[in-house]
Amino acid sequence: MSFEAPKMVNSKGGQIRIFMPRFGNINERRHQLHEVIRLSGMNLVINDMDMPLIIKVASIPKERIQVYFIDNEEYFKRKATFTDEEGNLFPDNDERAIFFAKGVIETVKKLNWAPDIIHVHGWMASLLPLYLRKYYKDEPLFTDSKIVTSVYKQEFDGTLDKEMLNKIKFDNIGEGNVEILAEPNYSNLLKVAVDHSDAVVIASEEIPADVQEYLTGLEKPVLEYKNREEFADAYTDFYNTKVLN
């Protein structure tokens with residue numbers, strides 16, 4: 001859906017861009033990724049460490065869609081995506097999520113592109129709504145941007161690093177916004193994303209029960225699950241009448 005939704009908007013004449021981590025299992029040569037020097041070159045501070053931000057870009061054939069890859073040797077060069085060979089979550093997944101959130105926002109700033117809608121897919125992007133609303137709250141480029149978070153089925157068990165809360169607080173984000181991340185599990189990451197979004201899409205037939213219950217009392221638009229065949233009209237209507245209205 002992180003491809004199908006923007007593809008649909010693109011086909012209707014909207015201007016879209018896709019941002020994702022440059023995971024190590026992406027073949028740069030085959031997909032013709034190339035570094036964009038004018039966008040790269042800054043350091044992002046993650047838990048008091050300077051981490052270089054590298055931006056690469058590629059195009060999706062036939063679709064006229066550009067994909068921007070957020071890259072960093074320390075966080076994304078490894079060949080696996082979220083877990084090691086034994087299925088254990090990487091211990092720095094929390095820092096990778098913080099880096100990705102900051103990296104996307106800094107890249108959009110350099111592009112000087114003010115998006116009407118920022119649609120978040122996947123737990124690795126779950127901190128983007130928080131950082132946009134708190135860390136970058138005074139950034140004029142995003143004054144009118146609306147955030148939509150898609151909620152998916154359980155994608156990992158266990159928790160990320162228990163120090164995640166302190167790493168976020170290091171960025172002067174008040175604990176009251178993220179105290180739930182004292183237990184940084186999958187559901188709580190989604191709840192933080194939902195809290196700082198303008199609207200929510202239920203993107204899987206089944207989502208964690210506690211997240212489903214959390215959405216029940218939400219005073220913001222929620223789009224119920226739509227399958228791949230029927231989502232286009234539903235998403236278009238949701239964007240136009242619930243999110244942008």
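Quick note: the sequence shown, position 109, residue 109 per full-length UniProt numbering, numbers continuous. Don't be surprised by glycine CBs; every beta carbon is placed ideally from N, CA and C.
Straight through space, the alpha carbons of Phe19 and Thr149 are spaced by roughly 14 Å.
The bridge partners DSSP lists for Ile46 are Met49. Residue Val222 holds the alpha-carbon nearest to the alpha-carbon of Ile147 among Leu111, Ile173, Leu165 and Val222.
Judged by beta-carbon spacing, Glu106 lies within the 9 Å limit of Leu44, meaning their Cβ atoms are closer than that value.
Its chain contains Ile16, Glu63, Arg64 and Ile65 as the residues whose beta carbon lies nearer than 8 Å to that of Asn10, once the 5 sequence neighbours on both sides are disregarded; these appear in chain order.
For Phe156, no beta strand (DSSP E) encloses it, and the DSSP letter there is neither H nor E. Note on Asp71: 16 or more other CB atoms within 10 angstroms of its CB, so buried under the neighbour-count rule. The Cβ-Cβ distance between Val104 and Val151 does not fall below 9 Å. DSSP places Ser187 inside the alpha helix (DSSP H), whose first and last residues are Tyr186 to Asp195. The three-state reading of DSSP puts Ile207 in coil, since its state is none of H, G, I, E or B. Spanning the alpha carbons of Val194 and Tyr68 requires a straight line of approximately 24 Å. For the region 45-129, the full-length alpha helix (DSSP H) segments reaching 4 residues or more read 73-76 and 93-111 along the chain.
Under DSSP, Glu35 takes part in a beta bridge, and its partners are Lys56. In the DSSP assignment, Ala234 falls within the alpha helix (DSSP H) that extends over Phe231 to Asp237.
Note that the region 71-82 touches the region 92-102; at least 3 beta-carbon pairs, one per stretch, sit closer than 8 Å. If you ignore the 5 residues before and after Asp48, its C-beta comes within less than 8 Å of the C-beta of Phe170, all in its own chain and listed in chain order.
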